[in-house]
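Take 0 as the starting number for the sequence shown in numbering that gives the first Met the number 0 and just add one per residue.
The next block holds one structure in the form of structure tokens; read it before the comments.
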Amino acid sequence: MKTFRIGDTRLEVIKGDITKCQADIIVNAANTSLLGGGGVDGAIHRAGGQDILAECMEIRNKQGGCAVGEAVYTTAGRLPARYVIHTVGPVWNKGEQNERQLLGSCYLNTMELAHKLQGRSIAFPNISTGIYRFPKELAADIALQAVAGFLQQRTGLEEIIFVCYDDENYNLYLNRLQADAYKECSGNDPLS
Numbered sequence: 000m001k002t003f004r005i006g007d008t009r010l011e012v013i014k015g016d017i018t019k020c021q022a023d024i025i026v027n028a029a030n031t032s033l034l035g036g037g038g039v040d041g042a043i044h045r046a047g048g049q050d051i052l053a054e055c056m057e058i059r060n061k062q063g064g065c066a067v068g069e070a071v072y073t074t075a076g077r078l079p080a081r082y083v084i085h086t087v088g089p090v091w092n093k094g095e096q097n098e099r100q101l102l103g104s105c106y107l108n109t110m111e112l113a114h115k116l117q118g119r120s121i122a123f124p125n126i127s128t129g130i131y132r133f134p135k136e137l138a139a140d141i142a143l144q145a146v147a148g149f150l151q152q153r154t155g156l157e158e159i160i161f162v163c164y165d166d167e168n169y170n171l172y173l174n175r176l177q178a179d180a181y182k183e184c185s186g187n188d189p190l191s
């Protein structure tokens with residue numbers, strides 16, 4: 000685990016299983032149906048239990064699921080958290096369908112919802128970098144810039160944890176945070 004700071008907020012990068020992460024809020028990289036799936040989504044539903052699925056079904060019945068780039072929340076069930084925020088990342092299509100903006104929206108909408116829920120700590124997976132094939136380097140840049148931008152405007156989050164499932168993502172986040180790359184991105188805004 001490595002620790003960094005943006006203002007008063009502690010950022011941690013860890014390699015591990017997000018379902019075992021202690022945080023007020025655990026973020027789920029969900030699909031639009033909210034009914035569970037593979038990867039992080041399936042792991043969170045399995046570890047959290049039926050309460051998460053029941054609330055996801057209620058949300059689905061009310062609003063038809065969750066749109067790409069948006070976020071909704073449920074109980075955390077048996078997870079070591081107060082809430083799970085479910086956000087739907089974009090499937091990578093060569094960057095031709097606003098994927099950058101949609102991924103940025105995932106992080107911003109999730110942090111806004113965490114703020115409303117008065118969460119002090121939030122654990123993010125690497126959204127869209129698995130079966131949705133989002134380029135990992137670009138996804139890390141977008142995540143870090145979205146978080147840094149949000150923290151410049153809002154206070155209250157004490158800790159943000161990036162929980163990386165693999166070495167590649169872990170090293171990308173670590174290298175970018177050590178180089179403060181999220182602050183500039185060489186003049187190229189990855190969100191545009």
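C-beta: ideal position from N, C-alpha, C; glycine also.
Computed from a predicted structure; not experimentally measured.
Residue 0 is classed as exposed because its beta carbon has fewer than 16 other beta carbons within 10 Å across all chains shown. In the DSSP annotation of this structure, the continuous segment of the beta strand (DSSP E) that includes residue 28 starts and ends at 24–29.
Note that the C-beta distance between residue 119 and residue 176 is not below 8 Å. For residue 70, the uninterrupted beta strand (DSSP E) segment begins and ends at 70–74.
For residue 11, the pairing in a beta bridge is given by DSSP as 2 and 160. Beta-carbon to beta-carbon, residue 26 and residue 121 are separated by about 7 Å, close enough to satisfy the 8 Å threshold. Between the C-alpha atoms of residue 9 and residue 146 there is a straight-line separation of about 11 Å. Residue 87: member of the beta strand (DSSP E) spanning 82–87, first to last residue.
According to the DSSP secondary-structure assignment, residue 43 is paired through a beta bridge with no residue. Remark: C-beta atoms of residue 63 and residue 130 do not approach each other more closely than 8 Å. In the three-state reduction of the DSSP assignment, residue 126 falls in the coil class, being assigned neither a helical nor a strand state. Counting the other CB atoms within 10 Å of its CB gives residue 93 a total below 16, which places it among the exposed residues.
Excluding its 5 nearest sequence neighbours in each direction, residue 139 has C-beta neighbours in its own chain below 6 Å: 171, 172 and 175, listed in chain order. For the options 150, 163, 112 and 168, the alpha carbon positioned closest to that of residue 136 is the one of 168. For residue 149, the enclosing alpha helix (DSSP H) stretches over residues 135–152. Exclusion of the five residues before and after residue 32 leaves 64 as the residues of its chain whose Cβ lies within less than 6 Å of its Cβ. Contact check for residue 88 and residue 43: beta-carbon distance about 14 Å, past the 8 Å limit, so the pair fails to qualify. Assigned with DSSP and collapsed to three states, residue 104 falls in helix. Looking at the backbone, the Cα of residue 48 and that of residue 149 are separated by about 31 Å.
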